[in-house]
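Numbering (our numbering), first residue to last: 668 to 773.
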């Protein structure tokens, strides 16, 4: 029997939702998996918010003439921008999937 395993492209490890690996999802109910996915998204949004706050802080320090490396500011800005773009794309895919489910005939 062939298993479908989602691999994190950065670390080459199976992605986990709250300590439960994707490959063990057969034993999870739809409700539990939905809750874990929701908490995964919530955590990702919190991380994105922290990145945005870091960029805002670095930007304020840079404008006030603080000791901030411009490269560090640019890298943090790009990370925050990529996080925002990823969040928007995930939201678009979720909305698209919801609309597709709504179009299904029962």
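Where a beta carbon is used, it is the ideal one built from N, C-alpha and C, also for glycine.
Model, not experiment: these values are computed from the prediction.
To the nearest angstrom, report how far apart residue i and residue j are at their CA atoms.
i: residue 753; j: residue 710; result: 14 angstroms
i: residue 734; j: residue 725; result: 10 angstroms
i: residue 770; j: residue 764; result: 10 angstroms
i: residue 729; j: residue 745; result: 16 angstroms
i: residue 703; j: residue 697; result: 10 angstroms
Can you give the beta carbon distance from residue i to residue j, rounded, assuming they're within the 8 angstroms contact cut?
i: residue 715; j: residue 751; result: 7 angstroms
Taking residue i as the reference, give the member of the options with the closest Cα.
i: residue 720; options: 748, 698 and 696; result: 748
i: residue 761; options: 697, 705, 698 and 696; result: 705
Buried or exposed for residue i, please, with buried defined as at least 16 other CB atoms from any protein chain shown within 10 angstroms of its CB.
i: residue 757; result: exposed
(request) Please go through the stretch 691–764 and give each complete alpha helix (DSSP H) segment of 4 or more residues, from N-terminal end onward. (result) 697–730
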